[in-house]
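Number of protein chains: 2
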Amino acid sequence: MAEVTTNLSIGQVAERTGLSVHALRFYEHEGLFVNPVQRGPGGRRVYSQDDVDWLTVCIILRASGMPLPALRRYADLVRQGAGNEEERLTLMREHQAHVTTQIGKLAECLDLIRFKVGVYEDLLGPDSGGDRQCHAASPSANDEDANNIGLINGPRGPVTPDPALSP
Amino acid sequence: MAEVTTNLSIGQVAERTGLSVHALRFYEHEGLFVNPVQRGPGGRRVYSQDDVDWLTVCIILRASGMPLPALRRYADLVRQGAGNEEERLTLMREHQAHVTTQIGKLAECLDLIRFKVGVYEDLLGPDSGGDRQCHAASPSANDEDANNIGLINGPRGPVTPDPALSP
DNA sequence: GCTTGACCTAGAGTCAACTCTAGATCCTAG
DNA sequence: CTAGGATCTAGAGTTGACTCTAGGTCAAGC
């Protein structure tokens, strides 16, 4: 095997993960690392390639809406080592279900959004490529603007949104 | 046409939209309604079916990650009436793009998650339906737990998460 | 006459996940 | 020797979208 010890500074890790140095310290503080982050001379953090790989997993799980407590739980399980694979599987399956329904919900929302876009496109003429200046509002758009729920089916309960991803 | 004026109390609207009465007052305060919410005797809010329909649209847009300022902007445009359909179209198209990429990102994340689930399923035996008790960790799972980034392609920049949906 | 429950306003509090600040340390380059 | 830049710790501040509290009004029922 080649180099396993890459030895990166916090700044370098920030650069290649896209997390801020603040976030990296914060994640460490929150116990999200599987192995304690090593320290070099002067108490500075030294990250290995494994750390970066793990962070990449964390970032993906976060990006798919896994909250920090769940991520910490997962890190705990991995840290404990073999023997708790069932629990890890459960955790991952739950998250999978979660992401799957999330995608489903977004797809549903997209139906309404597409419909709205369609309405406005029709209204502005069939060739409104982005910057048309004409606005001949013959068929009312405002009539439409609240009466488009034919899309949304049946007895609708609360649209429960969900954890998510912030920029 | 049948009854257009449904005249619902805030509690009834909360019940059928899934929003809390607090959220309804908050939305009003934030200028998210197209028409000012009417008041009945004693200054109590009286909602029409149109209000509820509009709220349904709002809920769907929120559930797909549209922030309140954008929603307010949209409400403003609709309130102003005909003549600004282009801007509405732009707004909706932007949101559409946004939701579409969001779904794409989640689908990518789902790849990793499925992979992880697969790893743990294999590890626990091919028939781990949910409650298997055996854990013979012959092939290490921990080796895997950070070295699974073969899925994630190329020179990966920051995984930018995104607005979202909270419960 | 009194309690109960739904509603009102204004404003404070919460939560997650960071982000930023202050003040100190340490290493390198000029 | 000194200035600059990256890092350190501890802790305060931010943001978005609500949620909750306090204190008050009002109509119906007992």
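Protein sequences appear in the order of chains A and B.
Quick note on numbering: this note's numbering labels position 128 of the first sequence as 1606, and the sequence is numbered without any gaps.
Quick note on numbering: this note's numbering labels position 66 of the second sequence as 1544, and the sequence is numbered without any gaps.
For each residue, glycine too, the CB sits at the ideal point set by N, CA and C.
Predicted model only: the values in this text are computed from it and were never measured.
If we ignore side chains and look at the alpha-carbon of each, how far apart do A1553 of chain A and Q1527 of chain B end up? Distance between the alpha carbons of A1553 of chain A and Q1527 of chain B: 49 Å.
Closer than 8 Å at the beta carbon, the chain A residues around A1501 of chain B: Result: empty, since nearest Cβ-Cβ is about 11 Å, beyond 8 Å.
State yes or no: is the beta carbon of Q1598 of chain B nearer than 8 Å to at least one beta carbon in chain A? As written in the sequence, residue 1598 of chain B is Tyr, which differs from the Gln given in the question. Closer than 8 Å to some Cβ of chain A, the Cβ of Y1598 of chain B qualifies, so yes.
Give me, in chain order, the residues of the same chain whose beta-carbon lies closer than 8 Å to that of G1509 of chain A; leave out the 5 immediate sequence neighbours on both sides. R1550, A1553, D1554
Compute the Euclidean distance between the alpha carbons of V1491 of chain A and Y1525 of chain A, then round it to the nearest angstrom. Their backbone Cα atoms lie some 7 Å apart in a straight line.
7 Å Cβ cut-off: residues of chain A touching G1595 of chain B: According to the sequence shown, residue 1595 of chain B is Val rather than Gly. Under the 7 Å cutoff, chain A gives L1567, M1570, R1571, Q1574.
Helix, strand or coil for L1602 of chain A? Go by DSSP, reduced to three states. coil
Three CB pairs or more closer than 8 Å across the segment 1541-1549 of chain A and the segment 1574-1582 of chain A: Yes, they touch.
Can the beta-carbon of V1530 of chain A be found less than 8 Å from the beta-carbon of L1486 of chain A? yes
Have a look at the DSSP bridge pairing and note the partners of Q1490 of chain B. Beta-bridge partners of Q1490 of chain B (DSSP): none assigned.
Please list, in chain order, the chain A residues whose beta carbon lies closer than 8 Å to that of G1559 of chain B. N1620
Let's test the definition: count the other Cβ atoms within 10 Å of the Cβ of F1504 of chain A and tell me whether it reaches 16, buried, or not, exposed. exposed
Taking the straight line between their C-alpha atoms, what separation do you get for G1521 of chain B and L1502 of chain B? 15 Å
Buried or exposed by the 16-neighbour rule on C-beta atoms within 10 Å, applied to E1493 of chain B: exposed
Identify every residue that forms a DSSP beta bridge with R1517 of chain A. Partner(s): A:R1523.
Spatially closest choice to V1564 of chain B from A:L1584, A:M1570, A:G1596, by CA coordinates: According to the sequence as given, residue 1564 of chain B is Glu; it is not Val. That would be A:G1596, whose Cα lies nearest to the Cα of E1564 of chain B.
Flag I1488 of chain A as yes if its beta-carbon sits less than 8 Å from any beta-carbon of chain B, otherwise no. False, the Cβ-Cβ gap to chain B never drops below 8 Å.
Closest to F1593 of chain A by C-alpha separation, out of B:F1511, B:I1538, B:Q1516, B:E1586, would be which residue? B:I1538
Does the beta carbon of L1510 of chain A come closer than 8 Å to any beta carbon on chain B? L1510 of chain A has a beta carbon lying at 8 Å or more from every beta carbon in chain B.
Any beta-carbon of chain A closer than 8 Å to the one on T1484 of chain B? no
Between which residues of its own chain and V1512 of chain A is the CB-CB distance below 7 Å, once the five residues before and five after are set aside? Here the set comprises W1532, A1553, V1556, R1557.
Should A1548 of chain A and N1620 of chain B be called a contact, given that it needs their Cβ atoms to be closer than 8 Å? no
Is the Cβ of V1577 of chain A closer than 8 Å to any Cβ of chain B? yes
Which residues bound the alpha helix (DSSP H) around F1504 of chain B? Counting along the chain, the alpha helix (DSSP H) containing F1504 of chain B begins and ends at 1499-1507.
Identify, in the order they occur along the chain, each residue of the same chain with its Cβ nearer than 8 Å to the Cβ of T1534 of chain B, setting aside the five sequence neighbours on each side. T1495
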